[in-house]
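*Asks:* So the sequence shown is numbered by the working numbering: it starts at -2 and just counts up by one.
Every residue, glycine too, gets a C-beta built ideally from N, C-alpha and C.
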Amino acid sequence: MIDDARTHLEIRATTDSVWKSRLMPVLVVLFFITTIGGYFLGKYRAEVDWQVAVEALNVLEKDYSRTMQENTRLKESLEFEKAKSTRDVQIKRQAYDEIAQTLASTSKEVASLKENIRFYESIIEGAEKKQGLQIKNVSLQADGTTGQYKYQVIIVNSNYGKNKSEGKLALKLEGLQEGELKTINITAGKDAEDTPLLFKYFQRVDGYITVPDTFQPQRVHVMARLSGKKAVKIEKWYTWDKLLNSTEPDTD
-2 MIDDARTHLE IRATTDSVWK SRLMPVLVVL FFITTIGGYF LGKYRAEVDW QVAVEALNVL
58 EKDYSRTMQE NTRLKESLEF EKAKSTRDVQ IKRQAYDEIA QTLASTSKEV ASLKENIRFY
118 ESIIEGAEKK QGLQIKNVSL QADGTTGQYK YQVIIVNSNY GKNKSEGKLA LKLEGLQEGE
178 LKTINITAGK DAEDTPLLFK YFQRVDGYIT VPDTFQPQRV HVMARLSGKK AVKIEKWYTW
238 DKLLNSTEPD TD
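1. Could you tell me the distance, in whole angstroms, from the CA atom of V217 to the CA atom of Q98?
2. Identify which residue in G172, N156, L194, T236 has its Cα closest to the Cα of K227.
3. Identify the residues that DSSP records as bridge partners of I151: which are they?
4. Quick one: grab the DSSP three-state call for S224.
5. Taking 7 Å as the cut-off, decide whether the C-beta atoms of F199 and V135 are in contact.
6. Rounded to whole angstroms, what's the CA-CA distance from E171 to N160? Just pull it up for me.
7. Counting along the chain, where does the beta strand (DSSP E) carrying L194 start and finish?
8. Determine the burial state of T69: buried for a count of at least 16 other Cβ atoms within 10 Å of its Cβ, exposed for fewer.
9. Using a Cβ-Cβ cutoff of less than 7 Å, which residues in the same chain neighbour L166 once the five nearest sequence positions on both sides are dropped?
10. Taking the straight line between their C-alpha atoms, what separation do you get for H5 and F28?
11. Assuming K239 is part of the beta strand (DSSP E), what are its boundary residues?
12. In terms of residue numbering, what span does the beta strand (DSSP E) encompassing E163 cover?
13. Can you pull the DSSP bridge partners for R70?
14. State the start and end residues of the unbroken beta strand (DSSP E) segment that holds K179.
15. Around the C-beta of I33, are 16 or more other C-beta atoms found within 10 angstroms, so that it is buried, or is it exposed?
16. Apart from the five residues just before and just after W234, which ones in its own chain have a Cβ nearer than 6 Å to its Cβ?
17. Around the Cβ of D210, are there at least 16 other Cβ atoms within 10 angstroms (buried) or fewer (exposed)?
18. Would you list the residues sitting across from A139 in a DSSP beta bridge?
19. Ignore the nearest five residues each way along the sequence and tell me which others in Q272's own chain have a CB closer than 7 Å to its CB.
20. Answer with buried or exposed for Q48, where buried requires no fewer than 16 other C-beta atoms within 10 angstroms of its C-beta.
21. Measure the beta-carbon distance from S224 to E163 and round it to whole angstroms, keeping in mind my assumption that it falls under 8 Å.
22. Contact defined as beta carbons within less than 8 Å: I believe L241 pairs with L137. What is the distance between those atoms, to the nearest angstrom?
23. Report the three-state DSSP secondary structure of T207 (helix, strand or coil).
24. Taking the alpha carbon of L130 as the reference point, which residue from R63, K230, I183, S109 has its own alpha carbon closest?
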């Protein structure tokens, strides 16, 4: 038997072709299955990752919501405490101011009462020494306005009876104006009349003196007179410079 190499080659070639033709469908099926499996596996993993991400997002949103609520609560609490503290300070300050005003008012009342007591004591002492109509005190104070002065005159009558004394009070300011001696009438009454007097024990008269710019005051003349059955008149001169911002009592 002749061993021909070409015969073996043909047999092997034929065998390889058959094996390849049978293997190729299997490979295709395996590739298809692998591809499909990879797709579904990737999809599954993607769904799992997406679900995990969604759950994590929900947790973060809940934490964020709780944090915002806590922040709002703390902010409101802080504002409340701040407002409460401010209100407490305002209440204490208002109470302090009211107490301070009360003390100041009380202090003024006490000072006024002491002044009145001293005044009444001076009247009693003066009545014991003198009798009749008296110009008890004359005071003159700068009012803070240029040419404006406040005066006060206290008239006392120790010879009082059942009825009140009635009369007039006249004040004059004497001085120089452009080198000449002139007199200015001072009145607290109406229509430029003398100040009316009507009292039983004493009367205090308050008023203002307006001094012209060109006028140089030198003396103040005070005259009080009572009318009726007990008609009497008393008058005094006071030096302007000595009287200003001081008090001139009755020393006669």
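*Replies:* Concretely, from the data shown:
1. For this step, residue 217 is matched to residue 220 along the sequence shown. For this step, residue 98 is matched to residue 101 along the sequence shown. Near 39 Å, if we compare the C-alpha coordinates of Q98 and V217.
2. As a position in the sequence shown, residue 227 is number 230, starting the count at 1. It is N156 whose Cα lies nearest to the Cα of K227.
3. Here the question's residue 151 lines up with position 154 in the sequence shown. N134, R201.
4. By 1-based counting over the sequence shown, the position of residue 224 is 227. Three-state result, S224: coil.
5. If you number the sequence shown from 1, residue 199 lands on position 202. If you number the sequence shown from 1, residue 135 lands on position 138. Against a cut-off of 7 Å, the Cβ pair of V135 and F199 comes out as no contact.
6. Within the sequence shown, the letter at position 174 stands for residue 171. Within the sequence shown, the letter at position 163 stands for residue 160. Whole-angstrom Cα-Cα distance: 35 Å.
7. Residue numbering aside, residue 194 sits at position 197 when the sequence shown is read from its first letter. Note, L194: beta strand (DSSP E), 192 to 196.
8. Taking the first residue of the sequence shown as position 1, residue 69 is located at position 72. Looking at its Cβ environment, which holds fewer than 16 other Cβ atoms inside 10 Å, T69 is exposed.
9. Within the sequence shown, the letter at position 169 stands for residue 166. The residues are V150, I152, D191, T192, L194, V202, A221.
10. The residue labelled residue 5 in the question sits at position 8 within the sequence shown. The residue labelled residue 28 in the question sits at position 31 within the sequence shown. Here the model assigns H5 a pLDDT of 49, short of 50, so the residue's position is not dependable and the matter cannot be decided.
11. Locating residue 239 in the sequence shown gives position 242, where the first residue counts as 1. K239 -> not in any beta strand (DSSP E); alpha helix (DSSP H) instead, spanning 237 to 240.
12. For the purposes of this step, residue 163 is identified with residue 166 of the sequence shown, where counting begins at 1. Note, E163: beta strand (DSSP E), 162 to 174.
13. One-based indexing of the sequence shown puts residue 70 at position 73. Paired residues: none, contrary to the question.
14. One-based indexing of the sequence shown puts residue 179 at position 182. Run containing K179: 177 to 183, per the beta strand (DSSP E) assignment.
15. Looking up residue 33 in the sequence shown gives position 36. The Cβ neighbour count for I33, taken over all protein chains shown within 10 Å, is under 16; the residue is labelled exposed.
16. The sequence position of residue 234 within the sequence shown is 237, counting from 1. Taken in chain order, the residues that qualify are R216, H218.
17. For the purposes of this step, residue 210 is taken as residue 213 along the sequence shown, with counting starting at 1. By the 10 Å Cβ count, D210 comes out exposed.
18. Along the sequence shown, one-based indexing puts residue 139 at 142. Within the DSSP bridge table, the entry for A139 names Y146 as partners.
19. With the chain covering only -2 through 249, there is no way to say anything about residue 272.
20. Taking the sequence shown and counting its residues from 1, one reaches residue 48 at position 51. Exposed, by the Cβ-count rule.
21. Numbered from its first residue, the sequence shown carries residue 224 at position 227. Numbered from its first residue, the sequence shown carries residue 163 at position 166. With 8 Å as the limit, S224 and E163 qualify as a contact, their Cβ atoms being about 6 Å apart.
22. Reading the sequence shown from its first residue, position 244 is the one you call residue 241. Reading the sequence shown from its first residue, position 140 is the one you call residue 137. That pair is a contact at about 5 Å.
23. Against the sequence shown, residue 207 aligns to sequence position 210. Look at T207 here: in three-state DSSP terms it is strand.
24. For the purposes of this step, residue 130 is taken as residue 133 along the sequence shown, with counting starting at 1. If we check each option's Cα against that of L130, K230 comes out closest.
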